[in-house]
Structures are given as structure tokens and as C-alpha cells.
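Student: Structure incoming, see below.
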Amino acid sequence: MASLADSCLGYLAENPDELLAFMQFAGLDPDNLRRSVGSAALQNGLIDYFASNEPILLALCANSGTSPEQFMRVWHRLNPSG
């Protein structure tokens, strides 16, 4: 999960508009984001954010060689239903 979350954060770092959208969604300012890097809460938040945003999920997967199905399997492990 950590490597997938790192890929998400890397994608956001390369796409400042998307990074800003994530920070606004998560209620983070730059200092909070820096302090949160590596935390389980940020990792889960990144994976949730990408799972709920198909365009950036697909872009991340295309750029990282991860399939959307692989990504969503990780998301489902973090968010078991039922």
C-alpha cells in the first residue's frame, strides 16, 4: 500500500493543479501535507482520493504500469464492505 500511495503522491507532485485539488479536498495546507507524508492516514487518503477520481486514477495507472484493477484491489482491502 505504501508504494501505491507514494505513486499517488508523486503523481500529484507532478500535477500542481491536482495537488491543490487534493489538498483542498483533504483540508491540508502545505505544512500539514509535509508533516503527513508517510503516515497511514495520508496513504489511505491518497488511495481513497484516486479511487474516487477516475480521470486521475486512469492517468496514474497509465503512467505507473499499474492496472486500475490492481489499484482497486488495494482500495478494497483498505475498505472492506460488509
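In the numbering used here, each residue's number is its place in the sequence shown (first place is 1) plus 2.
Ideal placement from N, C-alpha and C gives every residue a C-beta, glycine not left out.
Cα separation between Gly67 and Asp33?
Tutor: Within the sequence shown, numbered from 1, the residue matching residue 67 stands at position 65. Within the sequence shown, numbered from 1, the residue matching residue 33 stands at position 31. About 31 Å.
Student: Compare the C-alpha of Gly40 against each of Gln72, Phe24, Ser9, Glu56 and name the closest.
Tutor: Here residue 40 refers to the residue found at position 38 of the sequence shown. Out of Gln72, Phe24, Ser9, Glu56, Ser9 has the C-alpha closest to the C-alpha of Gly40.
Student: Quick check: what's the CA-CA separation for His78 versus Met3?
Tutor: Residue numbering aside, residue 78 sits at position 76 when the sequence shown is read from its first letter. Residue numbering aside, residue 3 sits at position 1 when the sequence shown is read from its first letter. Rounded to whole angstroms, His78 to Met3 spans 11 Å at the Cα level.
Student: Is it buried or exposed, Phe52, if we count other Cβ atoms within 10 angstroms and call 16 or more buried?
Tutor: Against the sequence shown, residue 52 aligns to sequence position 50. With 16 or more other Cβ atoms within 10 Å, it is buried.
Student: Quick check: Tyr57 and Cys63, are their CB atoms within less than 8 Å of each other?
Tutor: Here residue 57 is taken as the residue at index 55 of the sequence shown, counted from 1. Here residue 63 is taken as the residue at index 61 of the sequence shown, counted from 1. A quick correction: the sequence has Pro, not Tyr, at residue 57. At a Cβ-Cβ threshold of 8 Å, Pro57 and Cys63 do not count as neighbours.
Student: Just to confirm the assignment, what range does the alpha helix (DSSP H) spanning Asp31 have?
Tutor: For this step, residue 31 is matched to residue 29 along the sequence shown. Neither: Asp31 is in no alpha helix (DSSP H) and is coded neither H nor E.
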